[in-house]
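S.K.: Here the sequence shown stands for residues 8 to 396, where the numbers follow the numbering used here. Cβ atoms here follow ideal geometry from the backbone N, Cα and C, with glycine treated the same way. Please read through the structure below; I'll follow up with questions.
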Amino acid sequence: MVVLPKIRNNICLTAHPLGCALQVQHQINFVKHRDPLDGLKRVLVIGSSNGYGLASRIVAAFGCGADSVGISYERPGSVTRPATAGWYNETALVERAAEAGLKAFSVNGDAFSDEMKQEVCGLIEDHLQAVDLVVYSIASPRRIDPKSGDIYASVIKPIGKSYSAKTLDFQSGVVSTITAEPATEDEIEHTIKVMGGEDWLLWIEALLERGILADGVKTIAYSYLGPDLTYPIYREGTIGRAKLHLEGTVDTINTRLTNLNGMAVVSVNKALVTRASAVIPAVPLYISLLYRVMKSKGIHEGCIQQMYRLFHDYLCMPGPRPLDESGRIRLDDLEMREDVQREVRLLWERVETKNLASISDIRGFSDEFLMHHGFGVPGVDYDADVTLV
Ligand code: NAD
8 MVVLPKIRNN
18 ICLTAHPLGC
28 ALQVQHQINF
38 VKHRDPLDGL
48 KRVLVIGSSN
58 GYGLASRIVA
68 AFGCGADSVG
78 ISYERPGSVT
88 RPATAGWYNE
98 TALVERAAEA
108 GLKAFSVNGD
118 AFSDEMKQEV
128 CGLIEDHLQA
138 VDLVVYSIAS
148 PRRIDPKSGD
158 IYASVIKPIG
168 KSYSAKTLDF
178 QSGVVSTITA
188 EPATEDEIEH
198 TIKVMGGEDW
208 LLWIEALLER
218 GILADGVKTI
228 AYSYLGPDLT
238 YPIYREGTIG
248 RAKLHLEGTV
258 DTINTRLTNL
268 NGMAVVSVNK
278 ALVTRASAVI
288 PAVPLYISLL
298 YRVMKSKGIH
308 EGCIQQMYRL
318 FHDYLCMPGP
328 RPLDESGRIR
338 LDDLEMREDV
348 QREVRLLWER
358 VETKNLASIS
368 DIRGFSDEFL
378 MHHGFGVPGV
388 DYDADVTLV
């Protein structure tokens, strides 16, 4: 079947198997052309099929030579319907790792469930014995509480008052104004349940209980701060509350890991095009302007560049590393540079539909979004039939 991109409301409903495999290969190639890394040999990535989790696993496997277990929640394909991009990414990653002589296991299912935790612990016990690093990189719209069975849905809303801002439909290139109404107390609580630190802690407890965390184990989760432009919808909104909870979970996990000389940390990463960020109001427009400014200054990074820097400068470096006043790694340092933010703000004030193409990197945003779904990858014949399963 010939597969073309089908995009609705900034969500891509199709994915190209060969394009996904090739963009995984490109990320592997990037890592292979950098200095090899040392110190991490067995890695668990929770949320490994896309974006930051996928890039983390690629750096662990092809930079450090680590065996890995990856968990994701993706839909397989059928004869007539493509799988989700993450499904094809996982398949490609496992194949490339096997060719490189590395063990790589991918488990597809709900990481929030107790069953998944037990299955993955068993897999680690049988094949890796223990892990040196646990990466927590889930972005999910819902979570079923494993104890109560209650279903929680996360929302992206401001808190306290409504938020009106420019936003972008990146497919049509139309810049319009969006108003988001404030979240209810229930919605805030639900979002914290889904995207806060509770499940990260449950994972660490499950792994500890089975005795499969190595001495000196590290665990990391990803957060975002962003500029004051997006503060009302992001950092001061429901998702920001969840991220605060996630960051607050570090101390609890560190206490649990004391006997193992382990360490938990949060990394504040750069805003990047991923499936998750494309659906946050105002964020695609902000990213399009940010890319324009950062590319013009020669300081732009994608997921794989960010994650290589994380492993190279922090996770694989012995001894204490520089953290911010709240104990976080700041990979968003270049994004938040004063000159970068000043220029983005000036562009933000001017941007409208008719000047979007000339003052933003909408092209770069769209190309990267498509590439995350295996489209627009050089070397792929998009007119040819492909097998979807
Ligand atoms: P993504 O959508 O690209 O990937 C999310 C991953 O989570 C996928 O592998 C998906 O399969 C997995 N997942 C979702 N629900 C699951 C479930 N129930 N069980 C198992 N796996 C599940 O997301 P991303 O943008 O890479 O975000 C990853 C983390 O990085 C998030 O915590 C996000 O807030 C953070 N972050 C993202 C950005 C950004 O701009 N994209 C910036 C800073 C921090």
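1. Inspect the beta-carbon positions of S75 and S56 and report whether they are closer than 7 Å.
2. Give the DSSP bridge partners of S274, in chain order.
3. Within this structure, are the beta carbons of Y143 and W207 separated by less than 7 Å?
4. Look at the Cβ atom of G203, then the Cβ atom of A249, and state whether they are nearer than 7 Å.
5. Is DSSP giving I53 helix, strand or coil here?
6. Per DSSP, T174 is paired with what?
7. Closer than 7 Å by C-beta to T198: which residues in its own chain qualify, once you throw out the five before and the five after it? Chain order, please.
8. Among M378, A391 and K225, which one has its Cα closest to the Cα of A92?
9. Hey, how far is the Cα of H319 from the Cα of E345?
10. Looking at the unbroken alpha helix (DSSP H) that takes in R64, where does it start and where does it end?
11. Tell me whether the segment 248–264 and the segment 208–219 touch, counting them as touching only if at least three CB pairs, one residue from each stretch, are closer than 8 Å.
12. Start and end of the beta strand (DSSP E) containing I158?
13. To the nearest angstrom, how far is it from the Cα of A285 to the Cα of H33?
14. Please determine, among L267, L175, L20 and E350, the residue with the shortest C-alpha to C-alpha distance to E212.
15. Taking 6 Å as the cut-off, does the CB of A118 come closer than this to any heavy atom belonging to the ligand NAD?
16. Considering only heavy atoms of the ligand NAD, does any lie closer than 6 Å to the CB of Y231?
17. Roughly how many angstroms lie between the CA atoms of V396 and P234, to the nearest whole one?
18. Pick out the complete beta strand (DSSP E) segments inside the segment 108–137, 3 residues or longer, and give them in chain order.
19. Quick one: is the Cβ of S63 within less than 6 Å of any heavy atom of the ligand NAD?
20. What are the boundary residues of the beta strand (DSSP E) that V201 is part of?
21. Is it true that the CB of F376 sits closer than 7 Å to the CB of P12?
22. Can L44 and G77 be called in contact, C-beta distance under 7 Å?
23. Assuming V351 and L29 are in contact, meaning their beta carbons sit under 8 Å apart, how far apart are those beta carbons, in whole angstroms?
24. One question on the structure: do P189 and G156 come within less than 7 Å of each other, judged by their Cβ atoms?
25. Which term fits A228, buried or exposed, when burial requires 16 or more other beta carbons within 10 angstroms of its beta carbon?
26. Does any heavy atom of the ligand NAD sit closer than 6 Å to the C-beta of G108?
27. The beta strand (DSSP E) spanning I78 covers which residue range?
28. R150 lies in the beta strand (DSSP E); which residues open and close that run?
29. Bridge partners of R282, per DSSP?
30. From Y170 to T394, what does the alpha carbon distance come to, in whole angstroms?
31. Give every residue of the same chain whose Cβ lies closer than 7 Å to the Cβ of A90, excluding the five residues on either side of it in the sequence, and list them in chain order.
32. Would you say V114 and V101 are within 7 Å of each other, going by their C-beta atoms?
33. Mind checking which residues open and close the alpha helix (DSSP H) that includes T256?
34. Thinking just about the alpha-carbon of each residue, which of P153, K225, F177 and L215 is nearest to the one in D121?
35. Less than 8 Å between the CB atoms is what I'm expecting for A111 and A118, so what's the real figure, rounded?
36. How about V224 and E254: are their beta carbons less than 7 Å apart?
M.R.: The short version:
1. The count along the sequence shown starts at 1 and reaches residue 75 at position 68. The count along the sequence shown starts at 1 and reaches residue 56 at position 49. The answer is no: Cβ separation not under 7 Å.
2. The residue given as residue 274 occupies position 267 in the sequence shown. S274 is bridged to Y229 and I336.
3. On the sequence shown, residue 143 is found 136 positions in, with the first residue counted as 1. On the sequence shown, residue 207 is found 200 positions in, with the first residue counted as 1. Yes.
4. Working through the sequence shown from its first residue, we reach residue 203 at position 196. Working through the sequence shown from its first residue, we reach residue 249 at position 242. In this structure, the beta-carbon distance from G203 to A249 falls below 7 Å.
5. The residue you call residue 53 lines up with position 46 of the sequence shown. Looking at I53 - three-state DSSP - the assignment turns out to be strand.
6. Taking the first residue of the sequence shown as position 1, residue 174 is located at position 167. Per DSSP, S183.
7. If you number the sequence shown from 1, residue 198 lands on position 191. Correct list, in chain order: S161, V162, T245, I246, R248 and A249.
8. Here residue 92 is taken as the residue at index 85 of the sequence shown, counted from 1. Checking every option, the nearest Cα to that of A92 belongs to M378.
9. Taking the first residue of the sequence shown as 1, we reach residue 319 at position 312. Taking the first residue of the sequence shown as 1, we reach residue 345 at position 338. One C-alpha to the other measures close to 25 Å.
10. The residue labelled residue 64 in the question sits at position 57 within the sequence shown. G58 to I65 is the span of the alpha helix (DSSP H), which, as asked, contains R64.
11. yes
12. Translated into positions along the sequence shown, residue 158 becomes position 151. Taken as a continuous stretch (DSSP letters only), the beta strand (DSSP E) holding I158 covers I158 to A160.
13. Stepping through the sequence shown from its first residue, residue 285 is reached at position 278. Stepping through the sequence shown from its first residue, residue 33 is reached at position 26. Taking the straight line from one Cα to the other gives about 22 Å.
14. Working through the sequence shown from its first residue, we reach residue 212 at position 205. Of the listed residues, the one whose Cα sits closest to E212 is L267.
15. Along the sequence shown, one-based indexing puts residue 118 at 111. Flag set: Cβ of A118 near the ligand NAD.
16. Translated into the one-based positions of the sequence shown, residue 231 becomes position 224. Yes, the beta carbon of Y231 sits closer than 6 Å to at least one heavy atom of the ligand NAD.
17. Residue numbering aside, residue 396 sits at position 389 when the sequence shown is read from its first letter. Residue numbering aside, residue 234 sits at position 227 when the sequence shown is read from its first letter. Here the alpha carbon of V396 sits roughly 42 Å from the alpha carbon of P234.
18. 111–115
19. Working through the sequence shown from its first residue, we reach residue 63 at position 56. S63: no, Cβ never under 6 Å from the ligand NAD.
20. The count along the sequence shown starts at 1 and reaches residue 201 at position 194. Per DSSP, V201 lies in no beta strand (DSSP E); the unbroken alpha helix (DSSP H) holding it starts and ends at E192 to M202.
21. Position 5 of the sequence shown, counting from 1, holds the residue named residue 12. Position 369 of the sequence shown, counting from 1, holds the residue named residue 376. At the C-beta level, P12 and F376 stay beyond 7 Å of one another.
22. Taking the sequence shown and counting its residues from 1, the one referred to as residue 44 is at position 37. Taking the sequence shown and counting its residues from 1, the one referred to as residue 77 is at position 70. No; because the gap between Cβ atoms is not below 7 Å, this pair is not in contact.
23. As a first step, residue 351 is located in the sequence shown; it is residue number 344 there, counting from the start. As a first step, residue 29 is located in the sequence shown; it is residue number 22 there, counting from the start. With 8 Å as the limit, V351 and L29 do not qualify as a contact, their Cβ atoms being about 31 Å apart.
24. Working through the sequence shown from its first residue, we reach residue 189 at position 182. Working through the sequence shown from its first residue, we reach residue 156 at position 149. Cβ distance not < 7 Å, so P189 and G156 don't count as in contact.
25. In the sequence shown, residue 228 corresponds to position 221, counting from 1. A228 is buried by the Cβ-count criterion.
26. For the purposes of this step, residue 108 is taken as the residue at position 101 of the sequence shown. Incorrect: G108 has no Cβ contact closer than 6 Å to the ligand NAD.
27. In the sequence shown, residue 78 corresponds to position 71, counting from 1. Per DSSP, I78 belongs to the beta strand (DSSP E) from D74 to S79.
28. Taking the sequence shown and counting its residues from 1, the one referred to as residue 150 is at position 143. Start and end: R149 to I151.
29. Position 275 of the sequence shown, counting from 1, holds the residue named residue 282. Answer is none; R282 lacks a bridge partner.
30. Numbered from its first residue, the sequence shown carries residue 170 at position 163. Numbered from its first residue, the sequence shown carries residue 394 at position 387. Cα-Cα distance, rounded: 45 Å.
31. Here residue 90 is taken as the residue at index 83 of the sequence shown, counted from 1. Hits under 7 Å: A22, E81, R82, P83, G84 and L395.
32. In the sequence shown, the residue the question calls residue 114 occupies position 107. In the sequence shown, the residue the question calls residue 101 occupies position 94. Not in contact: V114 and V101 (Cβ atoms no closer than 7 Å).
33. Position 249 of the sequence shown, counted from the start, is the residue given in the question as residue 256. Under the DSSP assignment, T256 falls in the alpha helix (DSSP H) whose first and last residues are T245 to R263.
34. Within the sequence shown, residue 121 is the residue found at index 114, counting from 1. It is P153 whose Cα lies nearest to the Cα of D121.
35. Residue mapping note: residue 111 aligns to position 104 of the sequence shown, counting from 1. Residue mapping note: residue 118 aligns to position 111 of the sequence shown, counting from 1. Not quite, the Cβ-Cβ distance comes to about 17 Å (not below 8 Å), so this is no contact.
36. Locating residue 224 in the sequence shown gives position 217, where the first residue counts as 1. Locating residue 254 in the sequence shown gives position 247, where the first residue counts as 1. No, the Cβ-Cβ distance between V224 and E254 is not below 7 Å.
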